[in-house]
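Please read the structure below before turning to the comments.
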Amino acid sequence: VESHQEQVGDVTVIELLSEYLDAGNSGDLKNILADLAGDHRKLVLDLNRVTFVDSSGCGALIAALPRVHSAGGELKLCCINPPVRTLFDIVRMQRILDIHKTRDDALAAFAR
Amino acid sequence: VLADPTTPRSRAELADDARTHARHAFAHSLEELAGSELWRALALSVRDRLVDRMVATSDRYARARAKRVAYFSMEFLIGRSLRNNLLNLGLLDEARDLFAGLRLRLDDVLDQEPDAALGNGGLGRLAACFLDSLATLDMPGYGYGINYEYGLFRQEIDNGAQREKPDNWLTYGTPWQIHRPSEAVQVPVYGRIEHARDRAGNYNPTWLDWKVLVGIPHDMPVVGYGGRTVNYLRLFAARSANELDMEFFNTGDYVKAVEREILSETVTKVLYPSDTIAAGRELRLIQEYFLVACGLRDIIRRYLRGYTGFEQFPDVVAVQLNDTHPTLAVPELMRYLIDEADLPWEKAWDVVQRTFGFTNHTLMPEALEKWPVPLLERVLPRHLQIIYEINRRFLEEAGRAFPNDGERLRRLSLVEEGEPKQVRMAHLAIVGSHSVNGVARLHSELVKTSLVPDFFALWPKKFNNKTNGVTQRRWLLGANPALADLLTRTVGPGWVTDLSLLRGLEPVAADATFRDEFLRSKRSNQERLARLARDVLRLTVDPAALFDVQIKRIHEYKRQLLNVLHIIHRYLELTEDGKEPAAPRVWVFAGKAAPGYWAAKQIIRLIHGVARVVNADPKVRGLMKVVFLPDYRVSLAEVIIPAADLSEQISTAGTEASGTSNMKFAMNGALTVGTLDGANIEIREAVGPENFFVFGLTAEQIQDLKRRGAYNPFEYARGRPLVRRVLDALKADRFSADHPGLFAWVVRALTEDGDRYFHLADLEPYIDVQQQADRVYTDRPEWARRAVLNVARVGDFSSDRTIREYARDIWDLKPVPPDGAITPSDNGQSG
Chain V
69 VESHQEQVGD
79 VTVIELLSEY
89 LDAGNSGDLK
99 NILADLAGDH
109 RKLVLDLNRV
119 TFVDSSGCGA
129 LIAALPRVHS
139 AGGELKLCCI
149 NPPVRTLFDI
159 VRMQRILDIH
169 KTRDDALAAF
179 AR
Chain B
665 VLADPTTPRS
675 RAELADDART
685 HARHAFAHSL
695 EELAGSELWR
705 ALALSVRDRL
715 VDRMVATSDR
725 YARARAKRVA
735 YFSMEFLIGR
745 SLRNNLLNLG
755 LLDEARDLFA
765 GLRLRLDDVL
775 DQEPDAALGN
785 GGLGRLAACF
795 LDSLATLDMP
805 GYGYGINYEY
815 GLFRQEIDNG
825 AQREKPDNWL
835 TYGTPWQIHR
845 PSEAVQVPVY
855 GRIEHARDRA
865 GNYNPTWLDW
875 KVLVGIPHDM
885 PVVGYGGRTV
895 NYLRLFAARS
905 ANELDMEFFN
915 TGDYVKAVER
925 EILSETVTKV
935 LYPSDTIAAG
945 RELRLIQEYF
955 LVACGLRDII
965 RRYLRGYTGF
975 EQFPDVVAVQ
985 LNDTHPTLAV
995 PELMRYLIDE
1005 ADLPWEKAWD
1015 VVQRTFGFTN
1025 HTLMPEALEK
1035 WPVPLLERVL
1045 PRHLQIIYEI
1055 NRRFLEEAGR
1065 AFPNDGERLR
1075 RLSLVEEGEP
1085 KQVRMAHLAI
1095 VGSHSVNGVA
1105 RLHSELVKTS
1115 LVPDFFALWP
1125 KKFNNKTNGV
1135 TQRRWLLGAN
1145 PALADLLTRT
1155 VGPGWVTDLS
1165 LLRGLEPVAA
1175 DATFRDEFLR
1185 SKRSNQERLA
1195 RLARDVLRLT
1205 VDPAALFDVQ
1215 IKRIHEYKRQ
1225 LLNVLHIIHR
1235 YLELTEDGKE
1245 PAAPRVWVFA
1255 GKAAPGYWAA
1265 KQIIRLIHGV
1275 ARVVNADPKV
1285 RGLMKVVFLP
1295 DYRVSLAEVI
1305 IPAADLSEQI
1315 STAGTEASGT
1325 SNMKFAMNGA
1335 LTVGTLDGAN
1345 IEIREAVGPE
1355 NFFVFGLTAE
1365 QIQDLKRRGA
1375 YNPFEYARGR
1385 PLVRRVLDAL
1395 KADRFSADHP
1405 GLFAWVVRAL
1415 TEDGDRYFHL
1425 ADLEPYIDVQ
1435 QQADRVYTDR
1445 PEWARRAVLN
1455 VARVGDFSSD
1465 RTIREYARDI
1475 WDLKPVPPDG
1485 AITPSDNGQS
1495 G
């Protein structure tokens, strides 16, 4: 999956550059998050470009969480487009994921 | 405020617009267009006017912060729209003049429109009539349904047998729909529940491995009479969520990716014919869920624009469930409120119960929807969890009301034990609604006493009756201009929005001049039907004969077979006994049989078998004719009903919930031959028992016979010579000379198999009452008097009356007329 990584202080921000997060690229995302989990304890996943997530995309996010947590890290999401947010709500993922409106909000949450 | 569409300028404007659309849509002048193109140019001009008024109506409702009702129905049997829209906008004469200027008949242009056949029969047509009444009464009422690409199949008759052909009504697109992709909604299906924990460590059942469908709204404007109010019917079409499934695309399997997409779009491809629904079809379950998920999300989105929290939701939204098909709305709204809006269960349940009303439409146990638990678990895993929890809490409540009564609790449970377990959708609808209604007085009583007596014992106040009605705008003003014109000249135009005003006809029912005019209007409709029979079937029909009509879905309980047995009796009486009938008669049938319903399809063959013999026999020429008009649909009913003298409403008592064609016929001045079933009972009371030919066992008598196991059809088959002779003729292949034994099943069904619908018990009384009808018919003034009294007294069977009752008793819905306008009143006649 096309992505852009950026370091903001001690937080690593991953911005997905694809419009879809689905069976075609969710495996890549899982790998990226797994790789980062070891060294980067504070992760923000910016989904501002993503307009569609299917269940394998959701699966990748849910699978990444325990890996990040077990490495002592934390994963926050930001900039979720409304259709994606709706799906997260329907399947109750909003209660599992730590979701913030903007990238700044997510970064600020780490600062707290 | 929009200009009155019927100003003196409107004629010129309509013509200008039609010319503009002809040029822009077809690159031709109006004069150069033919057939369906002319129709479309006019339809597009009408659509412009509807859309302007639809936007104004929405603004008006929003300003008033008015409560809205959403009518959820898997079926809306709309038929054609252009005539109705012109009528309700007051533009019919303008359109007629426009085409007269082109030396064309408006009727020929209107005939170009394909029916929107998004329904099977009465239930779907009722929904369409309700939308017409809601708009006419200036009430914020919206239909929610599915935009089936294929409506109910087209029926062709091949050598006497029904053949089904696809009805791809959207092939050339329809001008009546406004696509709204920007308001698309996502609907997940399938998958499993992972019993996970949320961030705070609480139990969080998470729905995984789902597939997502997208629902695109297509809005069909619904204009009320006078054009003040235009509501809409919102139909959802399924699209796949992403254009191509990337998994297959990335592995190079482009074709598979496209196949996947087609699979998603299959969801709204086809309307299931009734009687195939109970087969536990997975796609049908998804369709039902798709409708309610799309509909509720749409309603909630609109609600959240004006309100926060869900306390007030039932004060501004009412949802009516048209039969059990949309019952998944109950767990879906629960799911939304607890999973997405974070309401505690008790609060969410209160909102759900105050929002929904449920209308039951059937007493036939086999037609009550049940879904296997394993199927629900696969398709809607989260909803099944919620249904189980609703059931657990419900059974606790019921257990407090009926302590130590395990048997009753088993009967009440939402889940029927068995292999596999099944969810009883009617029970779910009853539990999740604040109101449960039947659709005719007898039916509502039977719902309470026979269908779900335990629920009635638990919650007697939930149950009520709303006798069905039909819109006089389509079924009288539009379908029968000859009679409508006479009525308007006699009682004024007010009846169009207040059917009780037809009471004004009572004094003229005895007036010879009026009766003659009435009979002339009837004759002109019979000539129109005779022309249709000639064009479609190459059959000559005498317009002076008595037109005896039975048009409806073909079903054993509706007893088309009883009608045929009577025809055979008449034929034998004439050919063997030389007994001439008092009046020549034409029997008109139309109706579709569900493709998988063998007996119903055989009844169609039998009607054709009898027709072939009767119509070819010189001995009965000029006295008897049997006509089966193929492809029954709304637009065909609009031609047949105004031509009827006799309306056949002969279902086995206790089986037909209401019937609505019985109302349409009476409204058009036909006398009814009917059993004491459904709304027949109320029609008979209203028009006067002396103006209604009643016969047959009552529902009570039939229940009693069934309870005692006391019905023995052989008593009739062997003991009554008239009955025996009819059965013998069938056995002797009198109507199946080419196919010996073809109708042996009829005799078997009526004797050895127990005659489940009591044909033989009712046959002789039916023959007697038909003779009575003959005698009255020969006295033309007396017949006309009775027919006119039927029209005069049919006021209560307007869907305007029904909608007012729903609005008052169930929805708490008020009219929102434009400033200064007055919503049609019912003069306090009804309710």
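Chains as they are written, first to last, in the numbering used here: chain V, 69 to 180; chain B, 665 to 1495. The beta-carbon is built from N, C-alpha and C at its ideal position, and this holds for glycine as well.
Exercise. Please check if any C-beta of chain V sits within less than 8 Å of the C-beta of ALA942/B.
Key: Here residue 942/B refers to the residue found at position 278 of the second sequence. Low confidence applies here, because ALA942/B scores a pLDDT of 49, under 50, leaving its location unreliable; read the following figure in that light. Not one chain V Cβ lies under 8 Å of ALA942/B.
Quiz item: Tell me which same chain residues have a C-beta within less than 7 Å of the C-beta of THR1204/B, skipping the five on either side of it?
Solution: Position 540 of the second sequence, counted from the first residue, corresponds to residue 1204/B. ARG1198.
Quiz item: What is the DSSP secondary structure of TYR889/B, reduced to helix, strand or coil?
Solution: Numbered from its first residue, the second sequence carries residue 889/B at position 225. Looking at TYR889/B - three-state DSSP - the assignment turns out to be coil, as it is neither helix nor strand.
Quiz item: Can THR991/B and MET1089/B be called in contact, C-beta distance under 8 Å?
Solution: Residue numbering aside, residue 991/B sits at position 327 when the second sequence is read from its first letter. Residue numbering aside, residue 1089/B sits at position 425 when the second sequence is read from its first letter. Yes.
Exercise. State yes or no: is the C-beta of ARG713/B within less than 8 Å of the C-beta of LEU753/B?
Key: Counting from 1 along the second sequence, the entry for residue 713/B is found at position 49. Counting from 1 along the second sequence, the entry for residue 753/B is found at position 89. Yes, they are a contact pair.
Quiz item: Taking Cβ positions only, does GLY855/B come closer than 8 Å to chain V?
Solution: Here residue 855/B is taken as the residue at index 191 of the second sequence, counted from 1. Yes, GLY855/B lies at the interface with chain V (some Cβ there is under 8 Å from its Cβ).
Quiz item: Can you tell me where the alpha helix (DSSP H) with GLN1435/B in it begins and where it stops?
Solution: Translated into the one-based positions of the second sequence, residue 1435/B becomes position 771. Its alpha helix (DSSP H) spans residues 1423 to 1442.
Self-check item: As assigned by DSSP and simplified to three states, the class of ASN1101/B
Solution: Counted from its first residue, the second sequence places residue 1101/B at position 437. ASN1101/B carries a strand assignment under DSSP once its states are collapsed to helix, strand and coil.
Exercise. Assign PRO619/B to one of three DSSP states: helix, strand, or coil.
Key: The question about residue 619/B has no answer here: the residues shown for chain B are numbered 665 through 1495.
Self-check item: DSSP-derived helix/strand/coil call for ASP1175/B
Solution: Numbered from 1 along the second sequence, position 511 holds the residue referred to as residue 1175/B. Here ASP1175/B sits in coil by DSSP.
Quiz item: Secondary structure at HIS1091/B, three-state DSSP: helix, strand or coil?
Solution: On the second sequence, position 427 is the one that residue 1091/B refers to. Here HIS1091/B sits in helix by DSSP.
Exercise. Just confirm the distance between the C-beta atoms of GLU758/B and SER674/B, as a whole number of angstroms; I'd bet it's less than 8 Å.
Key: Locating residue 758/B in the second sequence gives position 94, where the first residue counts as 1. Locating residue 674/B in the second sequence gives position 10, where the first residue counts as 1. Yes, GLU758/B and SER674/B are in contact; Cβ-Cβ is about 6 Å, under 8 Å.
Quiz item: Does the separation of the CB atoms of ASP90/V and LYS110/V fall below 8 Å?
Solution: If you number the first sequence from 1, residue 90/V lands on position 22. If you number the first sequence from 1, residue 110/V lands on position 42. Going by C-beta atoms, ASP90/V is not nearer than 8 Å to LYS110/V.
Exercise. Step through the CB atoms of chain D and report whether any lies within less than 8 Å of the CB of LEU872/B.
Key: The chain inventory of the structure shown lacks chain D, comprising the protein chains V and B.
Quiz item: Based on the DSSP secondary-structure assignment, which residues constitute the bridge partners of CYS147/V?
Solution: The residue labelled residue 147/V in the question sits at position 79 within the first sequence. Among the bridge pairs identified by DSSP, CYS147/V is matched with none.
Exercise. Work out the CA separation of ASN1332/B and ILE1305/B for me, nearest whole Å.
Key: Mapped onto the second sequence, residue 1305/B falls at position 641. Mapped onto the second sequence, residue 1332/B falls at position 668. Spanning the two alpha carbons is a distance of roughly 7 Å.
Self-check item: Inter-residue Cα distance where the pair is THR80/V and ILE1050/B
Solution: In the first sequence, residue 80/V corresponds to position 12, counting from 1. In the second sequence, residue 1050/B corresponds to position 386, counting from 1. Approximately 40 Å between the Cα atoms of the pair.
Practice problem: Check the DSSP bridge columns for HIS72/V and list the partner residues they point to. | Solution: As a working mapping, residue 72/V is identified with position 4 in the first sequence. HIS72/V is bridged to GLU83/V.
Exercise. Answer with buried or exposed for THR1316/B, where buried requires no fewer than 16 other C-beta atoms within 10 angstroms of its C-beta.
Key: As a first step, residue 1316/B is located in the second sequence; it is residue number 652 there, counting from the start. That one is buried.
Practice problem: Tell me, please, whether the CB atom of CYS126/V is closer than 8 Å to any CB atom in chain B? | Solution: As a working note, residue 126/V is residue 58 in the first sequence. Any Cβ of chain B closer than 8 Å to the Cβ of CYS126/V would place that residue at the interface, and such an atom is present.
Quiz item: Since ASN99/V is in the alpha helix (DSSP H), which residue starts that stretch and which ends it?
Solution: Taking the first residue of the first sequence as 1, we reach residue 99/V at position 31. 94 to 107 is the span of the alpha helix (DSSP H), which, as asked, contains ASN99/V.
Self-check item: Contact set between PRO1404/B and chain V, taken where Cβ atoms lie within less than 7 Å
Solution: Counting from one through the second sequence, the residue named residue 1404/B turns up at place 740. Here the premise fails: no neighbours, minimum Cβ distance about 60 Å.
Quiz prompt | Residue range of the beta strand (DSSP E) that includes MET1474/B | solution = As a working mapping, residue 1474/B is identified with position 810 in the second sequence. Residue 1474/B is actually Ile in this sequence, not Met. Unbroken run through ILE1474/B: none, as it is neither H nor E.
Quiz item: Roughly how many angstroms lie between the CA atoms of ARG969/B and ALA993/B, to the nearest whole one?
Solution: Position 305 of the second sequence, counted from the start, is the residue given in the question as residue 969/B. Position 329 of the second sequence, counted from the start, is the residue given in the question as residue 993/B. Straight-line spacing of the CA atoms in ARG969/B and ALA993/B works out to 21 Å.
Quiz prompt | Cβ-based neighbour list, SER1188/B, same chain, cut-off 6 Å, excluding 5 preceding and 5 following | solution = The residue labelled residue 1188/B in the question sits at position 524 within the second sequence. Closer than 6 Å at Cβ, skipping near neighbours: ALA1146.
Practice problem: Report the three-state DSSP secondary structure of SER1311/B (helix, strand or coil). | Solution: Numbered from 1 along the second sequence, position 647 holds the residue referred to as residue 1311/B. Looking at SER1311/B - three-state DSSP - the assignment turns out to be strand.
Practice problem: Could you tell me if GLU1261/B is buried or exposed, where buried requires 16 or more neighbouring beta carbons within 10 angstroms of its beta carbon? | Solution: As a working mapping, residue 1261/B is identified with position 597 in the second sequence. First, the residue type needs correcting, since residue 1261/B is Tyr and not Glu in the sequence shown. Its Cβ being crowded by 16 or more others within 10 Å, TYR1261/B is buried.
Exercise. Consider the Cβ of PRO852/B: report whether some Cβ of chain V lies at a distance smaller than 8 Å.
Key: Walking along the second sequence from the start, residue 852/B turns up at place 188. At least one chain V Cβ lies under 8 Å of PRO852/B.
Quiz item: Which residues bound the beta strand (DSSP E) around THR870/B?
Solution: Taking the second sequence and counting its residues from 1, one reaches residue 870/B at position 206. Run containing THR870/B: 867 to 872, per the beta strand (DSSP E) assignment.
Quiz item: Residues in its own chain within less than 8 Å of VAL1037/B by CB, not counting five upstream and five downstream?
Solution: Position 373 of the second sequence, counting from 1, holds the residue named residue 1037/B. So the list reads LEU1048, VAL1079, PRO1084, LYS1085, GLN1086 and VAL1087, once near-sequence residues are dropped.
Quiz item: What does DSSP give as the partner residues of GLU1080/B in its beta bridges?
Solution: Residue mapping note: residue 1080/B aligns to position 416 of the second sequence, counting from 1. Within the DSSP bridge table, the entry for GLU1080/B names GLN1086/B as partners.
Exercise. Could you have a look at LEU1340/B and say whether DSSP puts it in helix, strand or coil?
Key: For the purposes of this step, residue 1340/B is identified with residue 676 of the second sequence, where counting begins at 1. Here LEU1340/B sits in coil by DSSP.
Quiz item: Exposed or buried, which one is ALA1321/B when buried takes at least 16 other CB atoms within 10 Å?
Solution: The residue given as residue 1321/B occupies position 657 in the second sequence. Under the 10 Å beta carbon count, ALA1321/B is surrounded by 16 or more other beta carbons and is classified as buried.
Exercise. Measure the C-alpha to C-alpha separation of VAL1103/B and VAL1160/B and round it to an integer number of angstroms.
Key: In the second sequence, residue 1103/B corresponds to position 439, counting from 1. In the second sequence, residue 1160/B corresponds to position 496, counting from 1. The C-alpha of VAL1160/B is placed about 23 Å away from the C-alpha of VAL1103/B.
Exercise. Using a threshold of 8 Å, state whether the C-beta atoms of GLY824/B and ARG1217/B are closer than that.
Key: Translated into the one-based positions of the second sequence, residue 824/B becomes position 160. Translated into the one-based positions of the second sequence, residue 1217/B becomes position 553. Cβ atoms of GLY824/B and ARG1217/B: not closer than 8 Å.
Quiz item: Can a CB atom of chain V be found closer than 8 Å to the CB of ARG863/B?
Solution: For this step, residue 863/B is matched to residue 199 along the second sequence. Closer than 8 Å: yes.
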